[in-house]
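**Student:**
Numbering (UniProt numbering), first residue to last: 1 to 286.
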């Protein structure tokens, strides 16, 4: 039976980890994905003391809800491909700390954003720096038996599984996998979504579920906060394709309702849309 998780940023922000995990349990989720984004507040988690880590481990044990993955988007601020040597150095420091945190908390997958740089100009050099430092990161992760998984992004650097596979050719490790976001994958008109899932199926560690508005010649697309069912994603088609390909990994509902007045209601609405699709596609009886 597949597992279904919820993104931390879908849940209320200013609550304890025990409260967050209990709420995820109440909402019938199997796990939570932690966010370590580019803000100082969330980057500070990388420096949690052993006592702070113990509190989170105890919350996991008491609630029975695990934190199975980290969404590590802090590299948007400190990218592997930066022309600034200090930023590249900090990117690897962040990576090592995230791997150690994951190891301490029993987290199995660290999701990395699929771009060489975000705020800087993309160049052939930025691509080379990205590959060079990703290779170092994969070696660090392998030593701790943590999988690094590249998310298919809202950015042209890696906006398809095909592009991920070109990077994978340079770093042939089982500790480097892909984390497709069906919303991001569907938003780029050049992607044949079914084909992309087919060629990448043996590299997929997890799937993000969110809706998006497609990129066009006149529109740059919308990659966040599109209500489920109002965007361009053919969820049933994606899920039936994954079922045919015998995908048995986790699904993660990605939402940004942490500052909403009614986060639980928004999550329940998402479930009302997604769970019937999962059931019709043959993924358990959600």
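From the three backbone atoms N, C-alpha and C, an ideal C-beta is built for every residue, glycine too.
Which residue comes first and which comes last in the beta strand (DSSP E) that contains residue 232?
**Tutor:** Element bounds for residue 232: n/a, residue is neither H nor E.
**Student:** What do you reckon, are the CB atoms on residue 21 and residue 59 nearer than 7 angstroms?
**Tutor:** A contact, by the Cβ cut-off of 7 angstroms.
**Student:** Measure the beta-carbon distance from residue 186 to residue 212 and round it to whole angstroms, keeping in mind my assumption that it falls under 8 angstroms.
**Tutor:** Indeed, because the Cβ distance is near 6 angstroms, the residues count as touching under 8 angstroms.
**Student:** Give the list of continuous alpha helix (DSSP H) stretches no shorter than 4 residues that lie fully inside the stretch 6-80.
**Tutor:** Within the stretch 6-80, the complete alpha helix (DSSP H) runs of at least 4 residues are 17-26, 40-43, 50-63.
**Student:** Quick one: which unbroken beta strand (DSSP E) runs of 3-plus residues sit fully inside the stretch 81-134? Chain order, please.
**Tutor:** 109-113, all fully within the stretch 81-134.
**Student:** Mind checking residue 279: buried by the 16 CB within 10 Å criterion, or exposed?
**Tutor:** It is exposed - the Cβ of residue 279 has fewer than 16 other Cβ atoms within 10 Å.
**Student:** May I ask you to report which of helix, strand or coil DSSP gives residue 212?
**Tutor:** Strand.
**Student:** Just the C-alpha distance for residue 92 and residue 264, rounded to the nearest angstrom, thanks.
**Tutor:** When rounded, the distance between both Cα atoms is 36 angstroms.
**Student:** Could you tell me which residues DSSP puts in a beta bridge with residue 177?
**Tutor:** Per DSSP, 149.
**Student:** Using the rule of at least 16 other Cβ atoms within 10 Å of the residue's Cβ for burial, across every protein chain shown, is residue 24 buried or exposed?
**Tutor:** By the neighbour-count rule (16 or more Cβ atoms within 10 Å), residue 24 is buried.
**Student:** Assuming residue 164 is part of the beta strand (DSSP E), what are its boundary residues?
**Tutor:** No beta strand (DSSP E) holds residue 164; the alpha helix (DSSP H) holding it covers 161-168.
**Student:** Within 10 angstroms of the Cβ of residue 159, are there 16 or more other Cβ atoms? Answer buried if so, exposed if not.
**Tutor:** Residue 159 comes out buried.
**Student:** Please classify residue 276: does DSSP put it in a helix, a strand, or coil?
**Tutor:** Correct three-state label for residue 276: helix.
**Student:** With C-beta atoms as the reference, is residue 223 less than 7 angstroms away from residue 154?
**Tutor:** Their beta carbons are under 7 angstroms apart, which means residue 223 touches residue 154 by this criterion.
**Student:** Can you tell me whether DSSP reads residue 3 as helix, strand or coil?
**Tutor:** In this structure, residue 3 counts as coil in the three-state DSSP scheme.
**Student:** May I ask you to report which of helix, strand or coil DSSP gives residue 144?
**Tutor:** Three-state DSSP puts residue 144 in coil, outside helix and strand.
**Student:** How long is the line joining the alpha carbons of residue 144 and residue 165, rounded to whole angstroms?
**Tutor:** In a straight line, the C-alpha of residue 144 is about 23 angstroms away from that of residue 165.
**Student:** Under the DSSP definition of a beta bridge, which residues are partnered with residue 226?
**Tutor:** Beta-bridge pairing links residue 226 to 211.
**Student:** Specify the secondary structure class of residue 204 as computed by DSSP and reduced to three states.
**Tutor:** Of the three classes helix, strand and coil, the one that applies to residue 204 here is strand, per DSSP.
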